[in-house]
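Enquirer:
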Amino acid sequence: MGRKRLITDSFQVVKRQRQDPDTKKGSLQPGECGSLHPAPLEMLKQFDLSWEYGPCTGITRLQRWERAKSLGLNPPLTVRETLLEREGDPSFMHCLWHDYPL
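All residue numbers for the sequence shown refer to the UniProt record's numbering, where the first residue is 1 and numbers rise by one.
1. Using a Cβ-Cβ cutoff of less than 6 Å, which residues in the same chain neighbour L62 once the five nearest sequence positions on both sides are dropped?
2. Looking only at its own chain, which residues have a Cβ that is under 8 Å from the Cβ of R18, when we skip the five neighbours before and after it?
3. What are the uninterrupted segments assigned as alpha helix (DSSP H) that are 4 or more residues long and contained completely in the region 45–82, given in chain order?
4. Just the Cα atoms here: how many angstroms apart are F92 and T78?
5. Report yes or no: do three or more beta-carbon pairs, one from the region 87–101 and one from the region 37–56, lie closer than 8 Å?
6. Using three-state DSSP, classify D9 as helix, strand or coil.
7. Can you give me the Cβ contacts of C56 inside the same chain, cut-off strictly under 6 Å, excluding the 5 residues immediately before and after it?
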């Protein structure tokens, strides 16, 4: 019948290098966002999720803000200021749902 087979007969033994106790796996702290501008993007995300200013798909955030203003819905002025500061950046101009097909 032969000897018992071990799992190491089929798979090579690979030993991992020991890490220094000072090194950590990740550099981000809990709750930290990997984005360059987490606070303004979070504010714009909340603007996208707020239905009181109308639907956000199919138009840019600035167009939505202007539409809400023309309808007398009083959108936050900080949203418009943020959008005008970063006018060329698509991550700021398009709504949260822009990358998802309808």
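Virtual Cβ for every residue (Gly too), placed ideally from N, Cα, C. From a predicted model like this one, the values you see are computed outputs, not experimental measurements.
Expert: Taking the definition as stated:
1. The beta carbon of L62 lies closer than 6 Å to those of L83 in the same chain, with the five residues before and after it left out.
2. When the five nearest sequence neighbours on each side are left out, no beta carbon in the same chain lies closer than 8 Å to the beta carbon of R18.
3. If we require 4 residues or more, the alpha helix (DSSP H) runs fully inside the region 45–82 come out as 61–70.
4. The straight-line gap from Cα to Cα measures roughly 13 Å.
5. With the cut-off at 8 Å, the region 87–101 and the region 37–56 touch.
6. helix
7. D48, R64, C95
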